[in-house]
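Student:
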Amino acid sequence: MDGALRETVIVARKVDAVSELRRGALELALLAYLNRKTDFGGAMISGLAEATAQGLVITEGALYPALGRLEKKGLLKPELRKEVEGRKARKYYALTEQGVERLQELKAAWIPLANGMELLFGGGNDE
Amino acid sequence: MMSDLESYLKQVRKGMRFVSGFNKTSFCNELTAQAEYTGTLPSGDGKALGRAMRQVYGISIFFRILLIVTAFPLGLLSTPMIVAWFPGFPATLFLLLALLWVLLAAYYGGRWSGLFTGLAAAIPRLVALVGFTFALDFINQYFDSYQVSEGVLGAVVLTSIMLPIIGFLAGGRIRRPD
Numbered sequence: 006m007d008g009a010l011r012e013t014v015i016v017a018r019k020v021d022a023v024s025e026l027r028r029g030a031l032e033l034a035l036l037a038y039l040n041r042k043t044d045f046g047g048a049m050i051s052g053l054a055e056a057t058a059q060g061l062v063i064t065e066g067a068l069y070p071a072l073g074r075l076e077k078k079g080l081l082k083p084e085l086r087k088e089v090e091g092r093k094a095r096k097y098y099a100l101t102e103q104g105v106e107r108l109q110e111l112k113a114a115w116i117p118l119a120n121g122m123e124l125l126f127g128g129g130n131d132e
Numbered sequence: 383m384m385s386d387l388e389s390y391l392k393q394v395r396k397g398m399r400f401v402s403g404f405n406k407t408s409f410c411n412e413l414t415a416q417a418e419y420t421g422t423l424p425s426g427d428g429k430a431l432g433r434a435m436r437q438v439y440g441i442s443i444f445f446r447i448l449l450i451v452t453a454f455p456l457g458l459l460s461t462p463m464i465v466a467w468f469p470g471f472p473a474t475l476f477l478l479l480a481l482l483w484v485l486l487a488a489y490y491g492g493r494w495s496g497l498f499t500g501l502a503a504a505i506p507r508l509v510a511l512v513g514f515t516f517a518l519d520f521i522n523q524y525f526d527s528y529q530v531s532e533g534v535l536g537a538v539v540l541t542s543i544m545l546p547i548i549g550f551l552a553g554g555r556i557r558r559p560d
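Protein sequences, first through last, are from chains A and S.
Residue numbers for the first sequence, in the working numbering: 6 to 132.
Residue numbers for the second sequence, in the working numbering: 383 to 560.
#1: For a contact defined as C-beta to C-beta under 8 angstroms, what are the partners of A:GLU65 on chain S?
#2: For S:THR541, count the other beta carbons within 10 Å of its own beta carbon; 16 or more makes it buried, fewer makes it exposed. Which is it?
#3: By DSSP's criteria, A:GLU84 is part of a beta bridge. Which residues make up the other side?
#4: Within its chain, find whatever has a CB closer than 6 angstroms to the CB of S:GLN393; leave out the 5 residues flanking it on each side and keep chain order.
#5: What do you get for S:PHE409, buried or exposed, if any count of 16 or more other CB atoms within 10 angstroms of its CB means buried?
#6: Are any of the Cβ atoms in chain A nearer than 8 angstroms to that of S:ALA434?
#7: For S:VAL451, is the classification buried or exposed, using 16 other Cβ atoms within 10 angstroms of its Cβ as the cut-off for buried?
#8: Return the CA-CA distance between S:VAL534 and S:PRO462, expressed in angstroms with no decimal places.
#9: Mind reading off the beta-carbon distance from A:PRO70 to S:MET435? Whole number of angstroms is fine, and I expect it under 8 angstroms.
#10: Sort A:GLY91, A:GLY66 and A:THR43 by Cα distance to A:ARG27 and report the nearest one.
#11: Using CA atoms only, rank isn't needed, just tell me which of S:ILE547, S:TYR490 and S:LEU423 is closest to S:LEU391.
#12: What does a CB cutoff of less than 8 angstroms around A:THR57 pick up in its chain, not counting 5 residues either side in sequence?
#13: Report, in whole angstroms, the separation of the C-beta atoms of A:GLY47 and S:GLN416, which I expect to be a contact under 8 angstroms.
#14: Under 8 angstroms, Cβ to Cβ, is there at least one residue of chain S near A:ALA99?
#15: For the region 20-43 of chain A, list every residue whose C-beta sits within 7 angstroms of some C-beta in chain S, in sequence order.
#16: Should S:ALA537 go down as buried or exposed, given a rule of 16 or more other Cβ atoms within 10 Å for buried?
#17: Taking all protein chains shown into account, do 16 or more other C-beta atoms lie within 10 angstroms of the C-beta of S:SER495, making it buried, or fewer, making it exposed?
#18: Quick one: what does DSSP say A:ASP21 is sitting in, helix, strand or coil?
#19: Against chain A, does S:PRO559 count as a neighbour if the rule is that its beta carbon must be under 8 angstroms from one of theirs?
#20: State buried or exposed for A:GLU55, treating a residue as buried only when at least 16 other CB atoms are found within 10 Å of its CB.
#21: Expressed to the nearest angstrom, what Euclidean distance is found between the alpha-carbon atoms of S:THR379 and A:GLU106?
#22: Label S:ILE443 either buried or exposed according to how many other C-beta atoms from any shown protein chain fall within 10 Å of its C-beta, with 16 as the threshold for buried.
#23: DSSP three-state label for A:ASP44, please.
#24: To the nearest angstrom, how far is it from the Cα of S:ARG557 to the Cα of S:ALA487?
#25: 8 angstroms is my cut-off, CB to CB: does S:TYR439 come that close to chain A?
#26: Let me check understanding here. Comparing Cα to Cα, which of S:ILE464, S:ILE548 and S:PHE520 lies closest to S:ALA502?
#27: What distance in whole Å lies between the Cβ atoms of A:PHE45 and A:ARG95, which are believed to be in contact at a cut-off of 8 angstroms?
#28: For a quick check, are the C-beta atoms of A:LEU72 and A:LEU61 less than 8 angstroms apart?
#29: Return helix, strand or coil for A:GLY91, following the three-state DSSP convention.
#30: Taking only three categories from DSSP, how would you classify S:MET398?
#31: Quick check: S:ILE447 and S:VAL401, are their CB atoms within less than 8 angstroms of each other?
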């Protein structure tokens with residue numbers, strides 16, 4: 006394989022691995038975020054970044070399909086609210102009972118996993 | 383910004399081709415509300431976002447039915463025994479078209495659309511096969527003793543079974559959006 010092409014393939018695989026990691030975490034992050042407060046898509050992007058100290062910076066391309074999937078699974082309940090006259094109604098998302106249960110399940114699995122990974126990485130001191 | 387937003391939403395709508403009008407409008411309104419709130423355009427490729435949303439919403443019932451209904455005549459016309467009535471009829475070409483139709487259904491509608499469109503193409507082929515077997519004596523009264531080899535019969539059965547399987551498997555191969 007040509008050197009430049011190999012480099013491109015490696016970069017593409019790295020990007021793919023990172024997006025796989027993000028995708029796995031995004032569902033839990035959205036459920037956890039919406040458990041704190043109901044919010045709409047536009048505010049969620051900055052809200053999530055702020056709540057995670059810029060640890061989870063997402064775009065519309067990741068947010069809306071994830072919200073759609075969660076809504077389809079019955080974990081989120083949308084509500085349209087017309088807040089500003091002359092502007093489009095905002096679609097606010099809230100957790101359903103099923104969503105709260107799912108959050109508890111995922112959280113119970115995530116915390117020991119994250120702690121274990123932290124230990125594996127050397128307690129955060131290993132660069 | 384409004385004209386930029388309009389062209390962005392146009393791309394989103396393009397990506398959401400075959401999704402129901404209600405879902406398209408509802409999602410575009412959501413994006414407009416976001417743009418009004420942030421004062422900026424949504425980032426990223428609008429068409430890619432639309433395609434990702436199509437995978438969430440799925441295509442509309444109207445298009446699902448259209449795909450299934452159209453597969454019936456394609457399946458029927460792809461039956462090789464049709465040459466008994468219409469010599470030189472390009473049945474293989476119609477088989478290829480039926481296969482492409484099933485793949486199209488799988489691509490846009492996912493595995494269940496692929497499966498049902500495949501079934502819709504396969505059923506008339508199998509019905510035609512059975513019908514032809516019973517009608518063979520009648521046909522041979524008018525045509526020059528038309529014969530079908532065991533190989534052709536086997537190929538009809540096999541390709542008919544393959545169509546829904548291909549549709550189902552191809553639909554499952556579509557990646558989820560990032």
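Glycine included, every Cβ here is placed at the ideal spot set by N, Cα and C.
Tutor: This is what the structure gives:
#1: LEU413, GLN416, PRO424, SER425, GLY426 and LEU431
#2: buried
#3: A:TYR97
#4: GLY428 and LYS429
#5: buried
#6: yes
#7: exposed
#8: Going by the C-alpha atoms only, they are around 8 angstroms apart.
#9: 6 angstroms
#10: Nearest Cα to A:ARG27 within the set A:GLY91, A:GLY66 and A:THR43: A:GLY66.
#11: S:LEU423
#12: ALA34
#13: 3 angstroms
#14: Closer than 8 angstroms: no.
#15: SER24 and ARG28
#16: exposed
#17: Burial call: buried.
#18: helix
#19: Residue confidence is low: S:PRO559 scores 41 on pLDDT, short of 50, so the model does not pin down where it sits. Its coordinate-derived value is still stated next. Interface residue, yes.
#20: exposed
#21: Here chain S has residues from 383 to 560 only, and residue 379 of chain S is not among them.
#22: exposed
#23: strand
#24: At S:ARG557, the pLDDT of 47 sits below 50, so the modelled position is not reliable; the number obtained from the coordinates is stated separately. Near 15 angstroms, if we compare the C-alpha coordinates of S:ALA487 and S:ARG557.
#25: True, the Cβ-Cβ gap to chain A drops below 8 angstroms.
#26: S:ILE548
#27: 4 angstroms
#28: Taking 8 angstroms as the Cβ cut-off, A:LEU72 and A:LEU61 do not qualify as a contacting pair.
#29: coil
#30: coil
#31: no
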